[in-house]
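Have a look at the structure below, then the notes.
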Amino acid sequence: MVQTENQTVVPANDEAISLGRLNDFTGFWLRRSINVMATDFGEAMQGTGMRPTLVSIMAVIDANPGLNQGQLGRALSIQRANMVSLVGGLMDRGLVERRDVPGDKRAFALHLTPDGEAMLAECFRRVEAHEEKMLAEISSGEKARLIELLQRICAEG
Numbered sequence: 457m458v459q460t461e462n463q464t465v466v467p468a469n470d471e472a473i474s475l476g477r478l479n480d481f482t483g484f485w486l487r488r489s490i491n492v493m494a495t496d497f498g499e500a501m502q503g504t505g506m507r508p509t510l511v512s513i514m515a516v517i518d519a520n521p522g523l524n525q526g527q528l529g530r531a532l533s534i535q536r537a538n539m540v541s542l543v544g545g546l547m548d549r550g551l552v553e554r555r556d557v558p559g560d561k562r563a564f565a566l567h568l569t570p571d572g573e574a575m576l577a578e579c580f581r582r583v584e585a586h587e588e589k590m591l592a593e594i595s596s597g598e599k600a601r602l603i604e605l606l607q608r609i610c611a612e613g
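This is how it looks when you write it as structure tokens:
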């Protein structure tokens with residue numbers, strides 16, 4: 457991608473294609489950046505069987521041991537039906553376990569297993585390397601500001 461006089465062009469088959477008004481739309485650039493980040497994330501996670509959603513689920517369980525699936529789903533904006541299958545898959549892999557909640561026969565508390573803790577630590581190592589690579593041209597202050605702005609967008613939604 458090349459920047460020329462406020463108009464970004466994408467080289468394609470030796471031709472420059474103008475993005476026109478797309479340059480002015482935040483959503484366009486968010487989507488493009490998500491695609492680029494997701495592709496590299498997938499490469500970083502090769503061999504683990506982990507996707508962003510699964511890493512997020514495990515990270516929230518790690519930060520909040522004993523929370524239930526409903527709380528987890530609300531924290532990550534994941535629908536209940538999807539959460540059941542996602543947590544079930546992590547349980548099948550031996551990464552997450554459900555424990556009974558004393559006094560509530562219907563409730564289960566989610567916890568990482570020792571294998572889950574090890575997998576999450578490995579994922580975090582890989583995510584840190586992925587972010588360092590992808591955000592190499594962004595200062596730590598700019599990264600903090602970017603995260604703050606993205607959090608504000610999410611809060612509005």
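All residue numbers in the sequence shown are consecutive under the working numbering, ending with 613. Ideal Cβ placement from N, Cα and C applies to all residues, glycine included. Owing to the predicted nature of the structure, the values given are computational and were not obtained by experimental measurement.
On a Cα-Cα basis, can you pick out the residue from the options that is closest to residue i?
i, options, result
"residue 557", "550, 551, 566 and 580", "566"
"residue 549", "594, 572 and 563", "572"
"residue 580", "512, 479, 471 and 482", "512"
"residue 542", "479, 508 and 483", "508"
"residue 510", "576, 609 and 588", "576"
"residue 522", "554, 539, 537 and 529", "554"
"residue 589", "471, 547, 529 and 496", "496"
"residue 547", "570, 533 and 562", "570"
"residue 610", "584, 527 and 532", "532"
"residue 606", "489, 476 and 471", "489"
For the putative contact between residue i and residue j, defined by C-beta atoms under 8 Å, what is the C-beta separation to the nearest angstrom?
i, j, result
"residue 517", "residue 568", "6 Å"
"residue 552", "residue 514", "7 Å"
"residue 564", "residue 524", "6 Å"
"residue 529", "residue 535", "7 Å"
Less than 6 Å between C-beta atoms, sequence neighbours within five positions excluded: which residues of the same chain meet that for residue i?
i, result
"residue 492", "none"
"residue 500", "582 and 586"
Mind checking if residue i is an interface residue toward chain B, Cβ cutoff 9 Å exclusive?
i, result
"residue 527", "Of the chains in the structure shown, none is chain B; there is only one protein chain."
CB-CB under 8 Å to residue i, same chain, minus the five flanking residues each way: which ones, in chain order?
i, result
"residue 578", "504"
"residue 560", "none"
Please tell me whether, using a cut-off of 8 Å, the distance from the CB of residue i to the nearest non-hydrogen atom of the ligand NAD is below it.
i, result
"residue 471", "As for the ligand NAD, it is missing from this structure, which has no ligand bound."
Residues in its own chain within less than 7 Å of residue i by CB, not counting five upstream and five downstream?
i, result
"residue 484", "478"
"residue 539", "525, 528 and 529"
"residue 599", "591"
- 4 or more residues per run - each alpha helix (DSSP H) lying fully within the region 549-598: For the region 549-598, the continuous alpha helix (DSSP H) assignments of 4+ residues that do not extend past its boundaries occur at 570-590, in sequence order.
- Only counting runs of 3 or more residues, tell me where the beta strand (DSSP E) segments fall wholly within the region 463-531, in order along the chain. Every beta strand (DSSP E) stretch that sits fully inside the region 463-531 and reaches 3 residues is listed by chain position as 463-468 and 471-474.
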